[in-house]
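Novice: Numbering (this note's numbering), first residue to last: 1 to 550. Every residue, glycine too, gets a C-beta built ideally from N, C-alpha and C. Input: one structure, supplied below.
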Amino acid sequence: MQWLNKKVRPEILKLAPYVSARSELADASGLIALDANENPWVPYPQTADMAQVNRYPEPQPINLLSRLATFYGVKTEQIFVGRGMDEGIELLIRVFCTAYQDNIVTAKPTFSYYKVAADIHGIETRELAIGDAPDFALDLDGLIGLCDAQTKIVFLCTPNNPTGNSLSLAQIEYVLQALPETVIAIDEAYLEFSVIPSAIALMAKYTNLVVMKTMSKAFAFAGVRLGSVLAQAEIIELIRKVMAPYPLAEPCIRVALQTLAPQGLYLAQQRIDTLKVERERVFKALQAVVGIKVYPSDANFLLIQVADAAKTYCELLAKGIIVRNRHKDIANTLRVTIASHAENNLLLAAFGVGGVVSKIERSAIVVRNTNETKIIVEVNLDRTAPVVIQTGIGFFDHMLEQLGKHGGFSLKIIADGDTHIDYHHTVEDVAITLGQALKQALGNKRGINRYGFSVPMDESLASANIDLSGRGVLVYEATFATPMIADFPVEMVEHFFYSLADSMEAAIHLKVTGENAHHQVEGLFKAFAKALQQAIAITSDNLPSTKGVL
Ligand SMILES: *Cc1c(COP(=O)(O)O)cnc(C)c1O
């Protein structure tokens, strides 16, 4: 990385950065901390969220760095984590650009903060116009032509905000090769919504590549402020030299660690997938509107061109919808964020395309994360597949499969519990999580009727009655032939239905007779599934409205 020292601001190379007493020790845990003039008490309110807020946080929290490093596939010394990507953008400028002398190069229109940050620091921004190019394609040779010896950073946003189009890895590589002694900073704020792989894959080959990430968009973290810069360790070291002493707030670090756990990532991915489906739906619907041009997008927004952007902007505002007017960048364009199904329907209705709205599916995902169990339950009452159950308890899996199959709804349960102790926590927490998911999916279309079903299984007869009443009650009449089914304690069945009734707020009455515990329990689950199927069925007169508002 010989080029690096030639390009860094000389005063940054020489800089003695801010240090704290604790950051000079390899391990400061367990010490009586009289070094930082902190207050010894946690302030009001002393809730779990407030833990440690009286202490300075780790400048670069090692747990968070390693979680992010694993997630992005780099080493911990190749990550800077800061309060949003915005901070990373500014720090890159601080490391490389000398005021009134250096410049950055980027596209126009693109994310506006590159230029704002450059302006703040007295740095020139050279912009290559893409607004008139077919498909907003970036002329790579034109871009490279704007660069000279004083160009320190080229900022490229892919997918680009606000045009929504992406660069291929080959295009990025072309720029990296053409400018081997200039930092090529790739902003991947929206990459999770695109099919193009991350430029991180090119880091091993090009030392001038910097990849910038944010959790604001795809991970729903805009309010937490968390973004990363990924680059060679030598560049990251320089960024850490110039960063604010403690860029991340302690509560944000804690929240980020939870969200980056497997359940959090799973939930985020489900929502990314949903937003991608919604983006295509809204795109198609808007294409049908006369007088509107919709541009294809790899991001979580659509750029649309109307006859008069200011007028449409005001009309939407009058209907309670705010969008971003990008007229200054590209004539008469508005940038519209893709949101929930119901919110998107309101947007479509504002453009007079309510008729194309698809039926709202009653679905929910609930994640439960405790020391004892980690559980994800996903239900879709309007689909019959898939039914995927993995709880680590064979007999329980078999019973839960009956629920999805005979209840006629899609059910995914992934549970990782302390089954090495016993099955209690896993069975109970699956019931609680499942009940919450069913309640959420039913929404306000909750029936108030009582449904019942009986299922004979050879010698045994099971019956179930359900009332989705809003009050959790279990009435349970059962005597089992044996206390165990393989390694599964039969008493857990009552506990399962008790927890389920409580969390889904339903009255559940169960009764079973018979001589074989396996048949009896299976009968109970099947009868319950069948009664539930009746209870959740929508009759034709209460289909969701075409407006799509729940
Ligand atoms: C939103 C956005 C950012 C800002 O990310 P933060 O992490 O919230 O600061 C960066 N780049 C682009 C292209 C964006 O649209």
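(1) Any beta-carbon of chain C closer than 7 Å to the one on residue 154?
(2) Mapping the DSSP letters down to three states, classify residue 187 as helix, strand or coil.
(3) In the DSSP assignment, find the unbroken alpha helix (DSSP H) run with residue 395 in it and report its ends.
(4) Say the cut is 6 Å; is the CB of residue 227 nearer than that to a heavy atom of ligand 1?
(5) Hey, would you say residue 405 sits closer than 7 Å to residue 455, going by beta carbons?
(6) Using only CA atoms, which one of 340, 99, 273, 410 lies nearest to residue 383?
(7) Under three-state DSSP, which class holds residue 472?
(8) Taking 6 Å as the limit between beta carbons, can you name the residues of its chain near residue 363, skipping five residues before and five after?
(9) Can you tell me whether DSSP reads residue 259 as helix, strand or coil?
(10) Please identify the residue among 207, 60, 166 whose C-alpha is closest to the C-alpha of residue 156.
(11) What residues come near ligand 1, if near means a beta carbon less than 5 Å from any of its heavy atoms?
(12) Helix, strand or coil, according to DSSP, for residue 147 in the structure here?
(13) My output table needs one value for residue 513: the three-state DSSP class, helix, strand or coil.
(14) Using alpha carbons as the reference points, say which of 14, 255, 61 lies closest to residue 23.
(15) Is residue 528 close to ligand 2? I mean its beta-carbon at under 6 Å from any heavy atom of the ligand.
(16) Does the segment 463-474 come within contact of the segment 420-434, defined as at least 3 CB pairs closer than 8 Å?
(17) Quick check on residue 67: does DSSP put it in helix, strand or coil?
(18) Can you tell me whether residue 210 is buried or exposed? The criterion is at least 16 other CB atoms within 10 Å of its CB, across all chains shown.
(19) Can you check which of these residues, 324, 239, 172, is closest to residue 17 by C-alpha distance?
(20) Can you have a look at residue 115 and say buried or exposed, based on whether 16 or more other CB atoms are within 10 angstroms of its CB?
(21) Do residue 207 and residue 1 have their C-beta atoms within less than 7 Å of each other?
(22) So what's residue 529 in DSSP terms, helix, strand or just coil?
(23) For the alpha helix (DSSP H) that residue 312 lies in, which residues bound it at each end?
(24) Out of 463, 457, 505, point me to the one whose CA is closest to residue 469's CA.
(25) Compare the beta carbon distance of residue 466 and residue 508 with 7 Å and say whether it is the shorter of the two.
(26) Hey, how far is the Cα of residue 272 from the Cα of residue 37?
(27) Taking C-beta to C-beta, are residue 374 and residue 418 nearer than 7 Å?
(28) Is the beta carbon of residue 316 less than 7 Å from the beta carbon of residue 325?
(29) Under a three-way DSSP split, which group does residue 452 fall into?
(30) How do the segment 279-287 and the segment 342-355 stand: do at least 3 beta-carbon pairs fall below 8 Å, yes or no?
(31) Can you tell me the Cβ-Cβ gap for residue 517 and residue 481, rounded? I've got them flagged as a contact below 8 Å.
(32) Consult DSSP for residue 46 and reduce its assignment to one of helix, strand or coil.
(33) Between the Cα of residue 392 and those of 421, 365, 386, spot the shortest distance and give me the residue it belongs to.
(34) Give me the Cα-Cα distance between residue 79 and residue 12, rounded to the nearest whole angstrom.
(35) Should the segment 128-139 be regarded as contacting the segment 100-116, the criterion being three or more beta carbon pairs within less than 8 Å?
(36) Do you know how far the Cα of residue 296 is from the Cα of residue 399?
Specialist: This is what the structure holds:
(1) The structure shown contains no chain C; it is built from a single protein chain.
(2) strand
(3) 394-407
(4) yes
(5) no
(6) For the set 340, 99, 273, 410, the Cα lying nearest the Cα of residue 383 is the one of 410.
(7) coil
(8) 380, 441
(9) helix
(10) If we check each option's Cα against that of residue 156, 166 comes out closest.
(11) 84, 85, 86, 111, 157, 161, 187, 189, 214, 216, 227
(12) coil
(13) strand
(14) Minimum Cα distance to residue 23 is reached at 61.
(15) Only ligand 1 can be found as ligands here, which leaves ligand 2 out of the picture.
(16) The segment 463-474 makes no contact with the segment 420-434, as fewer than three CB pairs between them are under 8 Å.
(17) helix
(18) Classification of residue 210: buried, given that the 10 Å Cβ count is 16 or more.
(19) 239
(20) buried
(21) yes
(22) helix
(23) 309-318
(24) 505 is the residue among 463, 457, 505 whose C-alpha sits nearest the C-alpha of residue 469.
(25) By the CB criterion at 7 Å, residue 466 and residue 508 fall inside the cutoff.
(26) 44 Å
(27) no
(28) The Cβ atoms of residue 316 and residue 325 lie no closer than 7 Å to each other.
(29) strand
(30) yes
(31) 5 Å
(32) coil
(33) 421
(34) 19 Å
(35) yes
(36) 45 Å
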